[in-house]
Amino acid sequence: MTTDDGWVPASPPKTWEWGTRALMLAVAATCGLTALFLVCDLAVWSHLRSGDEAVSPALIWIIEHIDSLNLLGLFLVGAYLVGFFVWRRRTKDALRGYVAEPDGLLSHWSVPVWNAAIFASFLIRMNVDTSAEDLDGMVWALQVEALQHVVRLAGLTVLLIGLWEIRDRVRAGFRDSGVMRPTRRTPGRIPFQGDAAGPGAGGTPDR
1 MTTDDGWVPA SPPKTWEWGT RALMLAVAAT CGLTALFLVC DLAVWSHLRS
51 GDEAVSPALI WIIEHIDSLN LLGLFLVGAY LVGFFVWRRR TKDALRGYVA
101 EPDGLLSHWS VPVWNAAIFA SFLIRMNVDT SAEDLDGMVW ALQVEALQHV
151 VRLAGLTVLL IGLWEIRDRV RAGFRDSGVM RPTRRTPGRI PFQGDAAGPG
201 AGGTPDR
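Residue numbering for the sequence shown is 1 to 207, as defined by UniProt numbering.
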């Protein structure tokens with residue numbers, strides 16, 4: 001909404017918008033990689049249960065590059081965890097002067113659910129026996145690891161939903177704060193009042 005004199009409601013800083021997009025992208029990338037790990041575990045589990053010697057090229061590629069994928073996963077987890085806490089702090093700083101209680105906008109049910117999912121995923125991970133060499137032990141380890149990925153994926157999905165809704169809340173908080181900002185003018189020549197009024201307005205009168 002723009003007023004007749006060229007003023008618009010306040011909006012979040014552009015740097016905050018880009019930071020929010022970057023955080024959501026990091027969470028979404030972690031979701032995608034977690035889903036890939038889940039599919040890989042289920043494929044290996046199915047292969048061990050069936051006893052089929054044929055293995056798909058895609059699964060072979062994932063197994064051969066599992067160390068690199070795990071390293072990428074650690075990087076993404078670290079990036080979105082650090083990014084989330086930095087984003088919360090900067091969001092509170094940006095809201096000061098516009099919203100009476102910034103913490104209220106940042107409070108969302110998705111955050112404790114995400115925290116619970118992280119904790120549950122950690123507990124499940126502790127029960128994975130990676131040293132198993134018999135078939136039953138490996139199948140059990142894959143089942144537990146797949147469950148861990150399901151819990152982690154659910155938590156990340158909930159967090160992504162929460163970030164989306166919190167972003168909308170913050171935008172609404174700026175918009176409803178009552179603070180107005182002037183619109184940006186297009187660079188160019190601004191005519192003098194006499195020029196805008198037409199010939200004979202101001203200056204030397206026509207003879």
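For every residue, glycine included, the Cβ atom is placed at its ideal position computed from N, Cα and C.
Here the structure is a predicted model, which is why all the values come from computation and not from measurement.
Test item: CB-CB of residue i and residue j under 7 Å
{"i": "H149", "j": "T34", "result": "yes"}
{"i": "S110", "j": "G162", "result": "yes"}
{"i": "L160", "j": "I124", "result": "no"}
{"i": "A141", "j": "V151", "result": "no"}
Residue i - containing alpha helix (DSSP H), residue span
{"i": "W164", "result": "135-175"}
{"i": "R125", "result": "110-126"}
{"i": "G104", "result": "102-106"}
Coil, strand or helix - residue i by DSSP
{"i": "V8", "result": "strand"}
{"i": "P57", "result": "helix"}
{"i": "R96", "result": "coil"}
{"i": "P13", "result": "coil"}
Residues near residue i in its chain [Cβ-Cβ closer than 8 Å; skip 5 each side]
{"i": "L72", "result": "L33"}
{"i": "R88", "result": "L106"}
{"i": "W7", "result": "M180, R181, P182, T183"}
Beta-carbon separation (whole angstroms), residue i vs residue j, contact threshold 8 Å
{"i": "P12", "j": "A94", "result": "6 Å"}
{"i": "L23", "j": "F84", "result": "6 Å"}
{"i": "I62", "j": "L69", "result": "7 Å"}
{"i": "G155", "j": "W114", "result": "5 Å"}
Beta-carbon contacts of residue i that lie in its chain and below 7 Å, excluding the five residues immediately before and after
{"i": "T186", "result": "Model confidence at T186 stands at a pLDDT of 46, short of 50, so the residue's coordinates are unreliable; what they give is reported in the following sentence. So no residue of the chain qualifies."}
{"i": "V86", "result": "none"}
{"i": "V139", "result": "W45, L48, R49"}
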